[in-house]
Amino acid sequence: MMNLCHDSYKKIVEDAVTEKERSKLCEWWRLFLDTVRLSDTSHDAQLQLIDCKTECLWERQKLARIDTDRLRYMEQLMNAKIEAYELTAVMFRPFHIKCLRRIQKICALIVDYFERFPESDGTPLCIEEGIELARYALDEAKVDACVELIKEMEMILCENGCAELTTHSDAESDDLASSDDGHEHETNKPNLYAYVNNRIEKKQIVEKIAEITDVEEQCITHL
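Under my numbering, think of the first position of the sequence shown as 2, with each following residue one higher.
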């Protein structure tokens, strides 16, 4: 029901003929969302309501013609985005793409604030809080990424039966022992083949790990 009303208000605002009418309808839209009380108290339902509010506030801010009104709506937007991130961080790890997207939205609003109010006296508390939260969240995400990367490396090693990678060096040296005349023993040839195959397998594992590293690093540096 909430989604139906939200979409209806959004469509009416978009179809409004004059800017004055659009502003009035947008204000009604905002007041409606402020009075919504959820019967479903799950995190998903709360996030959905917050996203509806931010969509409305963003539209309301665009229609504002006075700097004080713009700043007021921007502060409300930032508070809503921070609340949305905190709810998302309860459900997902800091490195999860949903958490990173929330941080992206906070960063985008911070940039928008400094572009719109370059000569503002002092920075609003919510903007400073958004900056600190973004820094903290990205640091947490990088740490979490390292932990996840290590886990994936361990899984690859286990799947390929190479948990003993560091313990094979002595055995591999023995397999390649030569006779006094400088020629390999006949019995060493199967061991030599096993050694070569093992080296190829290790190379493939390293390549897989490198692929994972590239993907994770892209996610981290994407912001």
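For glycine and all other residues, C-beta sits at the position ideal for the given N, C-alpha and C.
TYR137 counts as exposed, since fewer than 16 other C-beta atoms from the protein chains shown sit within 10 angstroms of its C-beta. About 11 Å separates the CB atoms of LEU34 and LYS11; that is not less than 8 Å, and the two are not in contact. Here DSSP, grouped into helix, strand and coil, assigns HIS44 to helix.
A distance below 6 Å between beta-carbons, with the five flanking residues on each side excluded, links ALA90 to the following residues of its chain, in chain order: CYS100. For GLU15, the closest alpha carbon among the candidates LEU126, ILE98, TYR74, GLU60 is that of GLU60. One thing to note: ILE107 has its Cβ within 7 Å of the Cβ of GLY131.
Shown here for ASP145: same chain residues with a beta carbon closer than 7 Å to its own, the five before and five after excluded, namely ARG94, PRO95, PHE96 in chain order. Taking C-beta atoms under 8 Å as the contact rule, ALA17 and ASP52 fail to qualify, at a distance of about 22 Å. No residue range can be given for ILE67, since it is assigned to no alpha helix (DSSP H) and is classified by DSSP as neither H nor E.
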